[in-house]
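Residue numbers (our numbering), protein chains in the order written: chain F, 1249 to 1620; chain L, 156 to 637.
Just so you know, even glycine gets a beta-carbon here, dropped at the ideal spot from N, CA and C.
Here the structure comes first, spelled out in structure tokens, and everything after it is commentary.
In structure tokens:
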């Protein structure tokens, strides 16, 4: 491996992906080093790993030789406060960001990195107001599976020059190469924020949306029977709007988020699913009686399913309503007999994209939709 | 033209004779889009009524190896819908059915020929609207908005077309009808909607679009502030952003643009202003009032000598009329003009405007500035008189220099008008060869034969047979393989 020796070590016990062990782990510290590692990895099966909070999500790789660990590829390259943008290296943990009175409005698990959140398109409660990674990402630098470094987008929010490759890499689960740097638009940190906690049913969501309070998040949790609304803004405005919602839901204003807020509803050895449905179908989905938690105001709920029967029931309900149901994580014995991704329209075009970017199918092989 | 004649016969029988245009005079009416100095007469125009008919046309093109270009209302400003002389122009204007307004899902499903503003009109009785609002919203089509990823004055707060499309039905360049996404968020797999929106017709034709509807804000407040200098108006913009306010829109016009707007629509802006800002805030009344007071005092603090606050919708419309009519209004003070579209980081605004002024006066050309100040999207209007020898060339030089400035300051060659035919030559100044090559991998996945709107966006097409990875050893000399 010549010059790359210092970036690479033999894999240890924890260096596996969904139970498939790697032989080597490389930890590049810059885009140039990452490009050299990828170029030198020809013929090897590669999985990219950030903080490891979601690395076992999805089917295990068909084969695995090399894990590229992005955690040395960390740090804020630029924070242009006046322009409300920041440039971040992919391995930067989101909880470490110090952006003053501004914020990157992405919800992520503790320890999750910028690259991991983008690659999995993970979102959380505040997506109702701010959107998800695809909406906030305005520029990207990647290393293609052939080692070529490419950029798309830029450092200005408004930009329609060329294809939006950032969107293609967002949610691509590491199958199109390695993300090394991301540019995001930022939002001001709100001066005030409060939660209105209630036990109102999911059917109350349209009334909340109609109340003209511009909620940042509307989350439900079936385990506690709670429906909680996050409101952000000026202190006086938040006071007035929260009083309105408090009355509407017969709820209670709280400075603190409920304990379940933004957390996955499943335990480590359970089946975890992401369900998305049109907004009007949320009450019927909740009515199935499964353990659900998530963005009732956006139509995205996370489920802890007991068994395959429950997975199938939830999936049938979602698909029938024009939505989707993806199994994010499951114990090995369940995972191996499940179609984790479910039906995926447009698969033929997706395969052609994969063939163009990674003709040897060596980046995260078999982990994505349709066995990509 | 033998191929075209055969194709025309086939499409006449498949679609019906009245939907296929071959008459030279009629074809000429489609020779350009909103950027009228590029003109190409298409070989054939078809007017499909359904997605199935679009698929039939595209499949026929694919089989005959004939290029095709999709066109909505033809209002684009980058020549993106410029026809191909040996190709078929697919005009979606007949496909103007609003399939469904679904307020309970906060979605609308529309055909591509539906006019942008009609979506808002149909949604308004339900308390919703369609947020992306390009200045041409009374005539531009949703299909065209999808192709160009159109923005508008209010995208500072609400984002662009790409943030509002949740589902597409497309015809791929080989003629397949494919559904992507729908009313539910986050469809699994690659974000093909994200790749398609803004691809300027080079990845296929959108035949149905599902868009997000946004709740009408409870309160909208608009002010017009007059400043003694561009710098002061720029400083006020920065102060508003620094205060943590995200207005729905911050628009700026300079003295020459104001002069043109006054001549055209008598919008009655404060006399003597070197620059005016239009600032609009929307949202819950409880938030908007407090922030509006803050914005007003920030404008005063930066030297605004007159601030008018719209008392009602009529007055708000008057503020906006000056701004939205600015492009056309320039015709009142100059026989010809180029509308430029570039982006710079917002904080560079005063400096870049100064340099635009220097370039303009060095070439003896007048430039009127109209722009979305909140997001740094400049629309300089470069004025000239084509009858005067050399003026068109000088205007073109200044227009190009403005784009160079945008690149120099880390911005973009286009914020909302698209690359199209007009700016393909600038793409290599903004992106490297590898960047452009990577974008074209997507093109190769959708359209390996390069039949969908060829010649747009990319100055040099990539041969899709080339597999990446061939020259790695050359790129990393001395690197051994694992």
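message: Can you confirm whether residue 601 of chain L, when its beta carbon is compared against all beta carbons of chain F, has any partner nearer than 8 angstroms?
response: yes
query: So, using beta-carbon positions, are residue 392 of chain L and residue 504 of chain L closer together than 8 angstroms?
result: yes
message: By the three-class DSSP mapping on this structure, what secondary structure does residue 1430 of chain F have?
response: strand
Straight-line Cα distance separating residue 404 of chain L from residue 435 of chain L: Distance between the alpha carbons of residue 435 of chain L and residue 404 of chain L is about 5 angstroms.
query: Buried or exposed: which applies to residue 323 of chain L, given that a residue is buried once 16 or more other Cβ atoms fall within 10 Å of its Cβ?
result: buried
- prompt: Distance, Cα to Cα, residue 172 of chain L vs residue 364 of chain L?
  reply: When the Cα atoms are used, residue 172 of chain L and residue 364 of chain L turn out to be separated by approximately 27 angstroms.
message: Runs of 3 residues minimum, wholly inside the segment 1545 to 1599 of chain F: which ones carry the beta strand (DSSP E) assignment?
response: If we require 3 residues or more, the beta strand (DSSP E) runs fully inside the segment 1545 to 1599 of chain F come out as 1548 to 1553, 1572 to 1577.
query: In three-state DSSP terms, what is residue 209 of chain L?
result: helix
- prompt: Do residue 1528 of chain F and residue 260 of chain L have their C-beta atoms within less than 8 angstroms of each other?
  reply: yes
Other residues of its chain near residue 1282 of chain F: CB distance less than 6 angstroms, five sequence neighbours each side excluded: 1276, 1391, 1426, 1428
Within the segment 556 to 596 of chain L, ranges of the alpha helix (DSSP H) (whole runs, at least 4 residues): 582 to 585
- request: Report yes or no: do three or more beta-carbon pairs, one from the segment 1402 to 1416 of chain F and one from the segment 1283 to 1295 of chain F, lie closer than 8 angstroms?
  value: no
Rounded straight-line distance, which links the Cα of residue 536 of chain L to that of residue 412 of chain L: 8 angstroms
query: Would you call residue 534 of chain L buried or exposed, if buried means 16 or more other Cβ atoms sit within 10 Å of its Cβ?
result: buried
- request: For residue 1598 of chain F, go through chain L and note every residue whose CB falls closer than 8 angstroms to its CB, in chain order.
  value: 344, 345, 347
- prompt: Based on the DSSP output, what are the partners of residue 357 of chain L in its beta bridges?
  reply: Looking at the DSSP assignment, residue 357 of chain L forms no beta bridge with any residue, so it has no partner.
message: Please report the straight-line C-alpha distance between residue 1397 of chain F and residue 591 of chain L, rounded to a whole angstrom.
response: Cα to Cα, residue 1397 of chain F sits roughly 11 angstroms from residue 591 of chain L.
field: Euclidean distance between Cα positions of residue 1600 of chain F and residue 603 of chain L
entry: 10 angstroms
- prompt: Hey, how far is the Cα of residue 607 of chain L from the Cα of residue 209 of chain L?
  reply: 13 angstroms
query: Three-state secondary structure (DSSP) at residue 241 of chain L?
result: coil
field: Exposure label - residue 192 of chain L; buried when at least 16 CB within 10 Å
entry: In this structure residue 192 of chain L is exposed. Its beta-carbon is surrounded by fewer than 16 other beta-carbon atoms within 10 angstroms.
- request: Tell me, please, whether the segment 502 to 520 of chain L touches the segment 545 to 562 of chain L by the rule of three or more beta-carbon pairs shorter than 8 angstroms.
  value: yes
task: Could you work out which residues of chain F lie near residue 310 of chain L, taking near to mean beta carbons separated by less than 8 angstroms?
output: 1406
Alpha helix (DSSP H) runs wholly inside the segment 261 to 321 of chain L, at least 4 long, in chain order: As far as the segment 261 to 321 of chain L is concerned, its whole alpha helix (DSSP H) runs of at least 4 residues are 271 to 278, 297 to 303, 310 to 313.
- request: Give, in chain order, every residue of the segment 252 to 263 of chain L whose Cβ lies closer than 8 angstroms to some Cβ of chain C.
  value: Of the protein chains in this structure, namely F and L, none is chain C.
- request: Step through the CB atoms of chain F and report whether any lies within less than 8 angstroms of the CB of residue 570 of chain L.
  value: yes
message: Please state the DSSP three-state secondary structure of residue 1522 of chain F.
response: strand
field: Span of the alpha helix (DSSP H) around residue 1495 of chain F
entry: 1483 to 1497
task: Could you check if residue 1607 of chain F is buried or exposed, using at least 16 other CB atoms within 10 Å of its CB as the buried criterion?
output: So residue 1607 of chain F ends up on the exposed side.
task: Specify the secondary structure class of residue 1351 of chain F as computed by DSSP and reduced to three states.
output: strand
message: Quick check on residue 1388 of chain F: buried or exposed, where buried means 16 or more other Cβ atoms within 10 Å of its Cβ?
response: Flag for residue 1388 of chain F reads buried.
message: At the level of alpha carbons, what is the spacing between residue 615 of chain L and residue 500 of chain L?
response: 28 angstroms
- request: Inspect the beta-carbon positions of residue 1477 of chain F and residue 1463 of chain F and report whether they are closer than 8 angstroms.
  value: yes
message: Closer than 7 angstroms between beta carbons: that is the criterion. Which residues of the segment 560 to 589 of chain L meet it against chain F?
response: 565, 566, 567, 568, 569, 570, 571, 573, 574, 582, 585, 586, 589
query: Looking at the C-beta of residue 339 of chain L, does it have a partner C-beta in chain F at a distance below 8 angstroms?
result: yes
query: If you measure beta-carbon to beta-carbon, which residues of the segment 390 to 404 of chain L are closer than 9 angstroms to chain F?
result: Here the close residues are 393, 396, 397, 398, 399, 400, 401.
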